[in-house]
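Student: Below you will find the structure I want to go over with you.
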Amino acid sequence: MSTGGGHNRILAGLGLGALCGVVANTLVADSAGARRTLDMAIDTVAHPIGQIFLRLLFVVVLPLVFASISVGVASLGDIRKLGSLGARTLGFFVVTSAASAVLGIAALHLLQLGAGFDSATVAELQAKYAGDVKSLADKAAAGAPLDLLGRVNQTLDMFLPRNMLRAAVDMQMIPLIVFALLLGAALTFIEARKRELLTSVLEGVSDAMVTVVGFAMRLAPYAVFCLIFGVTARFGLGLLQKLGLYVGIILVCYLIQLLVLYPLLLALLARRNPWQFLKSAMPVMVTAFSTSSSNATLPTSIRVAQESLGIRPQIAGFVLPLGATMNMNGTALFEGAVVLFVAQVFGIELSLGTQAMVVGMCVLTAIGAAGVPGGSLPLLMGVMAQAGVPPDGIAIVLGVDRILDMGRTVTNVMGDQVCAAYIDRVDAARS
Ligand code: ASP
23 MSTGGGHNRI
33 LAGLGLGALC
43 GVVANTLVAD
53 SAGARRTLDM
63 AIDTVAHPIG
73 QIFLRLLFVV
83 VLPLVFASIS
93 VGVASLGDIR
103 KLGSLGARTL
113 GFFVVTSAAS
123 AVLGIAALHL
133 LQLGAGFDSA
143 TVAELQAKYA
153 GDVKSLADKA
163 AAGAPLDLLG
173 RVNQTLDMFL
183 PRNMLRAAVD
193 MQMIPLIVFA
203 LLLGAALTFI
213 EARKRELLTS
223 VLEGVSDAMV
233 TVVGFAMRLA
243 PYAVFCLIFG
253 VTARFGLGLL
263 QKLGLYVGII
273 LVCYLIQLLV
283 LYPLLLALLA
293 RRNPWQFLKS
303 AMPVMVTAFS
313 TSSSNATLPT
323 SIRVAQESLG
333 IRPQIAGFVL
343 PLGATMNMNG
353 TALFEGAVVL
363 FVAQVFGIEL
373 SLGTQAMVVG
383 MCVLTAIGAA
393 GVPGGSLPLL
403 MGVMAQAGVP
413 PDGIAIVLGV
423 DRILDMGRTV
433 TNVMGDQVCA
443 AYIDRVDAAR
453 S
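For the sequence shown, the positions run 23 to 453 when the working numbering is used.
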């Protein structure tokens with residue numbers, strides 16, 4: 023089953039879904055009855071179709087990540103190779119995330135969008151989104167232990183929890199990745215006969231999961247239509263008039279990443295034709311855009327990398343799951359921009375030192391953020407607090423966040439693909 027043929031149909035689903043959603047949103051604007059009917063149609067038709075697609079993708083994430091990482095590591099053969107590829111991969115993640123955060127901060131500096139933002143609008147938005155802010159703050163507080171020992175244990179739990187199965191059930195990706203790395207490494211030490219047996223079982227699991235993704239992709243054009251329709255039909259379009267510039271500037275920054283930075287990295291580091299690469303990666307971008315979730319996009323990412331981008335399975339299986347969890351360039355960019363925007367709205371000057379600290383925190387929180395819609399928001403509130411910017415100020419931008427989330431998820435997953443292409447070239451040159 024190839025990924026190639028469905029591009030245009032998925033893109034058509036995306037465009038049509040967005041268009042129909044905006045039209046529906048405008049048509050029901052003046053009638054509460056019509057709005058209720060539209061909501062009902064979304065809940066009973068669009069939502070389930072979108073969810074079936076999403077769940078087909080989610081259902082394969084755990085077995086696929088586990089199998090592809092352990093096979094990937096086992097087939098590297100030499101465990102020292104894992105160390106050097108791993109270090110390069112992490113280096114790429116940190117440098118590109120930091121560059122992205124700097125881009126977000128620089129854009130806001132240059133344009134000073136928040137300065138002079140209407141104070142009545144600020145008060146209105148803060149009142150309107152107070153409830154959402156509170157639940158985000160509760161989420162952030164739940165994850166923050168008070169004492170030092172608590173923090174140390176929390177970090178241990180993040181990588182090596184006592185109960186690996188519970189972590190997997192909770193879809194915590196980092197422990198799963200660590201366990202798969204351990205298994206892959208251990209496989210390189212055991213008797214060849216047993217290694218081959220286990221590796222071929224894991225390869226079978228991985229191939230079967232990639233095939234399930236193929237089933238899901240058949241549903242993609244309709245599901246993408248429904249997902250986007252649901253978002254745009256419910257979106258507060260009025261808010262876009264007030265925050266249009268903010269949204270527009272961040273979207274332009276994402277485009278700079280996608281159309282300038284990534285092509286440069288593809289040409290220089292991965293020695294790839296950037297435009298061909300981006301074109302072939304279209305199903306990954308559309309899936310990320312319509313799901314706003316790096317985790318949900320991961321199965322498609324692995325499949326497209328192997329089948330359309332020519333990245334060898336052992337590299338795709340190793341770099342992409344790590345990237346979906348730890349490499350979020352779009353998120354780092356967005357976080358930097360929001361901290362600056364809200365600081366400007368409240369007239370708070372951030373010193374150069376504070377801004378450098380914000381860049382560091384953006385990188386760290388982008389590593390820690392969950393690859394789900396809005397996954398970075400609770401952590402972003404922590405960055406704001408650390409920088410001396412009122413975290414409640416996030417209310418100003420919450421109403422338009424879904425649009426930015428779609429864009430940043432595309433940027434996040436494409437950063438992973440660029441990294442995989444780069445690591446693939448480095449590894450191929452060595453072997
Ligand atoms: N939705 C983003 C992702 O899954 C995470 C975030 O920035 O909220 O990549």
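Note that the Cβ used here is the ideal one computed from N, Cα and C, for glycine as well.
1) Is any heavy atom in ligand 1 found nearer than 6 Å to the beta carbon of Asn349?
2) Residue range of the alpha helix (DSSP H) that Gly35 falls in?
3) Once you ignore the five residues that flank Asp414 on each side, which residues in its own chain have a CB closer than 6 Å to its CB?
4) Relative to the C-alpha of Ile127, which residue among Gln263, Leu372, Gly138, Ala214 is closest?
5) I'd like the span of the alpha helix (DSSP H) that includes Tyr276, first residue to last.
6) Can you grab the Cα-Cα spacing for the pair Ile337 / Asn47, in whole Å?
7) Enumerated in chain order, which unbroken segments of the alpha helix (DSSP H) with a length of 4 residues or greater are wholly contained in the region 369-424?
8) With distances taken from each beta carbon to the nearest heavy atom of ligand 2, which residues come in below 6 Å, in chain order?
9) Suppose the cutoff is 7 Å on Cβ atoms and the five residues either side in sequence are ignored; what does the same chain contact list for Leu288 look like?
10) Quick one: what does DSSP say Ser222 is sitting in, helix, strand or coil?
11) Do we get a CB-CB distance below 7 Å when we pair Tyr244 with the residues of chain B?
12) If we count the other Cβ atoms within 10 Å of its Cβ and call it buried at 16 or more, is Asp449 buried or exposed?
13) For the 8 Å Cβ check, are there 3 or more pairs between the region 62-76 and the region 340-347?
14) Provide the residue span of the alpha helix (DSSP H) that contains Ala310, from first to last.
15) Who are the Cβ neighbours of Ile324 in its own chain at under 7 Å, not counting the five residues just before and after it?
16) Going by DSSP in three states, Arg452 sits in which element: helix, strand or coil?
17) Compute the distance between the beta-carbons of Met403 and Leu130, then report whether it is under 7 Å.
18) CB Val381 to CB Val411, shorter than 7 Å?
19) Please identify the residue among Glu213, Ala214, Leu182 whose C-alpha is closest to the C-alpha of Ala202.
20) Among residues of its own chain, excluding the 5 on either side of Ser312, which ones have a beta-carbon nearer than 7 Å to its beta-carbon?
21) At what residues does the alpha helix (DSSP H) containing Met193 begin and finish?
22) Let's see if you can read the secondary structure: which residues bound the alpha helix (DSSP H) around Leu286?
23) Consult DSSP for Ser92 and reduce its assignment to one of helix, strand or coil.
24) Ends of the alpha helix (DSSP H) at Gly138?
25) Between Thr431, Arg447, Ala388, Ala392, which has its C-alpha nearest Phe115's C-alpha?
26) Is it buried or exposed, Gly266, if we count other Cβ atoms within 10 angstroms and call 16 or more buried?
27) How many Å lie between Val144 and Ile418 at the Cα?
28) Could you give the distance in angstroms between the alpha-carbon of Pro321 and the alpha-carbon of Ser119?
29) Which same chain residues, not among the five before or five after Leu133, have their C-beta less than 7 Å away from its C-beta?
30) Using the Cβ count rule (16 or more neighbours within 10 Å means buried), how would you classify Thr353?
31) Please go through the same chain and pick out, in chain order, the residues whose beta-carbon is closer than 7 Å to the beta-carbon of Lys161, but skip the five residues on each side of it.
32) Just verifying my parser: in three-state terms, what is the DSSP assignment at Val116?
33) Can you look up Met23 in the DSSP assignment and give me helix, strand or coil?
34) Suppose contacts are defined by Cβ-Cβ distances below 7 Å. Is Asn317 in contact with Gly393 by that definition?
35) Going straight from the alpha carbon of Ile32 to that of Arg57, what length do you get?
Tutor: From the atom records:
1) Position 327 of the sequence shown holds residue 349. It does not: the Cβ of Asn349 is nowhere closer than 6 Å to a heavy atom of ligand 1.
2) The sequence position of residue 35 within the sequence shown is 13, counting from 1. That run of the alpha helix (DSSP H) goes 29-49.
3) Translated into positions along the sequence shown, residue 414 becomes position 392. Val155, listed in sequence order.
4) Here the question's residue 127 lines up with position 105 in the sequence shown. Here the closest residue by C-alpha is Leu372.
5) Counting from one through the sequence shown, the residue named residue 276 turns up at place 254. From DSSP, the alpha helix (DSSP H) with Tyr276 extends over 259-278.
6) Here residue 337 refers to the residue found at position 315 of the sequence shown. Here residue 47 refers to the residue found at position 25 of the sequence shown. So the alpha carbons of these two residues sit roughly 44 Å apart.
7) 374-390, 399-408, 417-420
8) No copy of ligand 2 appears in this structure; the ligands present are ligand 1.
9) Here residue 288 refers to the residue found at position 266 when the sequence shown is read from its first residue. If we look at Leu288 and ignore the five residues flanking it on each side, its Cβ neighbours are Arg294, Pro296, Phe299, Val440, Ala443.
10) Numbered from its first residue, the sequence shown carries residue 222 at position 200. Residue state, collapsed to three classes: helix.
11) Given the protein chain composition of this structure (a single chain), no chain B is represented.
12) To locate residue 449, count along the sequence shown from 1; it is residue 427. Buried.
13) no
14) Working through the sequence shown from its first residue, we reach residue 310 at position 288. Taken as a continuous stretch (DSSP letters only), the alpha helix (DSSP H) holding Ala310 covers 304-313.
15) In the sequence shown, the residue the question calls residue 324 occupies position 302. For Ile324, where only same-chain residues beyond five positions count, the Cβ hits under 7 Å are Leu86, Ser90, Val232, Ala338, Gly339, Leu342.
16) Here residue 452 refers to the residue found at position 430 when the sequence shown is read from its first residue. It is helical.
17) Looking up residue 403 in the sequence shown gives position 381. Looking up residue 130 in the sequence shown gives position 108. No. Outside cutoff.
18) Against the sequence shown, residue 381 aligns to sequence position 359. Against the sequence shown, residue 411 aligns to sequence position 389. Taking 7 Å as the Cβ cut-off, Val381 and Val411 do not qualify as a contacting pair.
19) In the sequence shown, counting from the first residue as 1, residue 202 sits at position 180. It is Leu182 whose Cα lies nearest to the Cα of Ala202.
20) Walking along the sequence shown from the start, residue 312 turns up at place 290. Hits under 7 Å: Leu36, Val246, Leu249, Ile250.
21) Working through the sequence shown from its first residue, we reach residue 193 at position 171. First-last for Met193: undefined, no H or E at that position.
22) Here residue 286 refers to the residue found at position 264 when the sequence shown is read from its first residue. Counting along the chain, the alpha helix (DSSP H) containing Leu286 begins and ends at 284-290.
23) Taking the sequence shown and counting its residues from 1, one reaches residue 92 at position 70. Helix at Ser92.
24) Taking the first residue of the sequence shown as 1, we reach residue 138 at position 116. Careful: Gly138 lies outside any alpha helix (DSSP H) and carries neither H nor E.
25) To locate residue 115, count along the sequence shown from 1; it is residue 93. The residue with the shortest Cα to Cα distance from Phe115 is Ala388.
26) In the sequence shown, the residue the question calls residue 266 occupies position 244. So Gly266 counts as exposed.
27) As a first step, residue 144 must be located in the sequence shown, where it is residue number 122. As a first step, residue 418 must be located in the sequence shown, where it is residue number 396. Val144 and Ile418: Cα-Cα distance of roughly 6 Å.
28) In the sequence shown, counting from the first residue as 1, residue 321 sits at position 299. In the sequence shown, counting from the first residue as 1, residue 119 sits at position 97. Distance between the alpha carbons of Pro321 and Ser119 is about 22 Å.
29) As a working mapping, residue 133 is identified with position 111 in the sequence shown. Counting only Cβ-Cβ distances below 7 Å, and skipping sequence neighbours, we find Ile271.
30) Position 331 of the sequence shown, counting from 1, holds the residue named residue 353. Buried: at least 16 other Cβ atoms inside 10 Å.
31) Counting from 1 along the sequence shown, the entry for residue 161 is found at position 139. Same-chain partners within the cutoff: Pro400.
32) Residue numbering aside, residue 116 sits at position 94 when the sequence shown is read from its first letter. Of the three classes helix, strand and coil, the one that applies to Val116 here is helix, per DSSP.
33) On the sequence shown, position 1 is the one that residue 23 refers to. Confidence at Met23 is low in this model, with a pLDDT of 42, below 50, so the placement of that residue should be treated as unreliable; the coordinate-derived value is given next. Here Met23 sits in coil by DSSP.
34) Along the sequence shown, read from residue 1 onward, the residue named residue 317 stands at position 295. Along the sequence shown, read from residue 1 onward, the residue named residue 393 stands at position 371. Yes, Cβ-Cβ distance for Asn317 and Gly393 is below 7 Å.
35) Here residue 32 refers to the residue found at position 10 when the sequence shown is read from its first residue. Here residue 57 refers to the residue found at position 35 when the sequence shown is read from its first residue. If you take the alpha carbons of Ile32 and Arg57, they lie about 27 Å apart.
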